[in-house]
Amino acid sequence: MHPDQKRFAKFTGKARLDKSINSLLGIIEGIAIDGRINELEISYLALWLSEHREIENLHPFNELVPRVAAAMADGVLDQEEREDILWLCKRLRSREFYDQTTTDLQRLHAILGGIVADTRISEEELRGLSDWMEEHPHLKSCWPFDEIGSLITAVLADKKIDEKEHEMLHAFFSEFTALLDSRTITKAPIAESGPIRGLCAVDPEITFLERGFCFTGSSPRFTRPQIEELVQELGGTAHATPSKKVHYLIIGAEGNPCWAFSCYGRKVEKAVKLRKAGVRVVIVHELDFHDAVADHR
Numbered sequence: 074m075h076p077d078q079k080r081f082a083k084f085t086g087k088a089r090l091d092k093s094i095n096s097l098l099g100i101i102e103g104i105a106i107d108g109r110i111n112e113l114e115i116s117y118l119a120l121w122l123s124e125h126r127e128i129e130n131l132h133p134f135n136e137l138v139p140r141v142a143a144a145m146a147d148g149v150l151d152q153e154e155r156e157d158i159l160w161l162c163k164r165l166r167s168r169e170f171y172d173q174t175t176t177d178l179q180r181l182h183a184i185l186g187g188i189v190a191d192t193r194i195s196e197e198e199l200r201g202l203s204d205w206m207e208e209h210p211h212l213k214s215c216w217p218f219d220e221i222g223s224l225i226t227a228v229l230a231d232k233k234i235d236e237k238e239h240e241m242l243h244a245f246f247s248e249f250t251a252l253l254d255s256r257t258i259t260k261a262p263i264a265e266s267g268p269i270r271g272l273c274a275v276d277p278e279i280t281f282l283e284r285g286f287c288f289t290g291s292s293p294r295f296t297r298p299q300i301e302e303l304v305q306e307l308g309g310t311a312h313a314t315p316s317k318k319v320h321y322l323i324i325g326a327e328g329n330p331c332w333a334f335s336c337y338g339r340k341v342e343k344a345v346k347l348r349k350a351g352v353r354v355v356i357v358h359e360l361d362f363h364d365a366v367a368d369h370r
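Using this note's numbering, the first residue of the sequence shown is number 74, and each one after it goes up by one.
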């Protein structure tokens, strides 16, 4: 674990366990959303199982992991086994750390990962995802719920998915895999006044003088204080959270496994809300930030 994360990771252990249960629930919903489960989707579920071997003796995983392992022993997850695991997940879910909205967003992320697990996205899967979203209207305005809805509507307008649309959907859904807690978002879209654009700016022009910067996630190159010092040396100011004073939100390349969501935290969501409200906050991947630092030195 990155040094920046160790100081508070110990306080998030139970929350991360709850997130894992929500993720398993979403993965199973995702891989079965079209009514079929194939070998690649089973393999994706097996990855979740292998990632949780170290904590399989802790509650609630001492109940959950054996049930999943037994169901997958023959390499097939039938309808009864799927419903059995879903029932247990729902029983073991806790509301102590996450409210209903956060819990269901964690499920949604995992559903996207389950849908893309076999590398192909079908019309049946998109319609199943659309039905799930209609059953969870309380997620409206929470990123990326609205963006997903816009994509589904646009893609299914002609009742088929062409190769270009499939490539776009695959790239988007892959950003929200529930198994890669250390990976940060890079290309996920955001709806702004109609058109859908990339969340992270592409080759952004970054200036430092009298500009506000905020950082989220973890960097493989610098600690948070070192990054803030770099910004200040070049004439900028560092801020703890996105606001109208922040011009750039830098997303660390290593993400943060303690985030409530697998690939982003509350600062990204706050920046997205500011952008939708008309505040110009440029969301930048760390690699582009380092390029800009090198150019200004």
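Even glycine gets a Cβ: it sits at the ideal position worked out from N, Cα and C.
For the stretch 295-369, the continuous alpha helix (DSSP H) assignments of 4+ residues that do not extend past its boundaries occur at 297-306, 339-349 and 359-369, in sequence order. By the neighbour-count criterion, in which a residue is buried when 16 or more other Cβ atoms sit within 10 angstroms of its Cβ, Gln152 is exposed. Approximately 6 Å separates the beta-carbon atoms of Thr314 and Cys287; this is inside 8 Å, confirming the contact. The Cβ-Cβ distance between Ile279 and Arg270 does not fall below 8 Å. Taking C-beta atoms under 8 Å as the contact rule, Phe218 and Leu212 qualify, at a distance of about 4 Å.
The stretch 186-204 and the stretch 89-107 touch, with no fewer than 3 CB-CB distances between them shorter than 8 Å. In the DSSP assignment, Thr226 falls outside any beta strand (DSSP E) and lies within the alpha helix (DSSP H) extending over Phe218 to Val228.
For Ala264, no alpha helix (DSSP H) encloses it; the enclosing beta strand (DSSP E) starts and ends at Pro262 to Ala264. Residue range Gln173 to Ile188 is occupied by the alpha helix (DSSP H) that includes Thr174, with no beta strand (DSSP E) assigned at that position. By a beta-carbon distance limit of 8 Å, Ile115 contacts Leu150. Their separation comes to about 6 Å. Secondary structure at Gly290: coil, using DSSP grouped into helix, strand and coil. Arg270: member of the beta strand (DSSP E) spanning Ile269 to Gly271, first to last residue. In terms of Cα proximity to Phe362, the closest of Pro277, Lys346 and Leu229 is Pro277. Taking one beta carbon from each stretch, the stretch 317-325 and the stretch 284-298 have 3 or more pairs nearer than 8 Å; the two touch. Scanning its chain for C-beta atoms nearer than 7 Å, with the 5 sequence neighbours on each side dropped, one finds around Ala344 the residues Pro315, Leu322, Val354 and Ile356, in chain order.
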